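Just so you know, the sequence shown maps onto residues 1285 to 1345 in our numbering.
Please read the structure below before turning to the comments.
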Amino acid sequence: MRVLSIFLLCGYIFANPYFPGDAWETKNHDEVGLDKLKIEELFELTFSDDATMSAVLIKDG
């Protein structure tokens, strides 16, 4: 049990949490290795019906 506690505590200590304030951290497609055309196609397909009001793409989140 002690080993598990130490392991979990170390993970917490070395974690770098990100809590957005007024502005969210963003990156462009090149920075994360995604194809811009595929992203555009994905969002075009997503909004092809009138029911979708918003969408978000999260990578490594």
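We treat Cβ as the ideally placed atom computed from N, Cα and C, and that holds for glycine.
Note that the structure is predicted; figures quoted are calculated from it, not measured.
**Q.** Option nearest Lys1343 by Cα separation, candidates Met1337, Thr1336, Ser1332, Asp1314
**A.** Nearest in C-alpha terms to Lys1343, of all of Met1337, Thr1336, Ser1332, Asp1314, is Asp1314.
Q: Might you give, ordered along the chain, the residues of its own chain that have their beta carbon closer than 7 angstroms to the beta carbon of Lys1320, omitting 5 neighbours on each side?
A: By the criterion of a C-beta distance shorter than 7 angstroms, Lys1320 is surrounded in its chain by His1313, once the five residues flanking it on both sides are discounted.
**Q.** Cα-Cα separation, Phe1303 to Ser1338
**A.** Cα-Cα distance, rounded: 22 angstroms.
Q: Identify whether Lys1311 lies in helix, strand or coil by the three-state DSSP scheme.
A: In the structure shown, Lys1311 sits in coil (DSSP, three-state: anything other than H, G, I, E or B).
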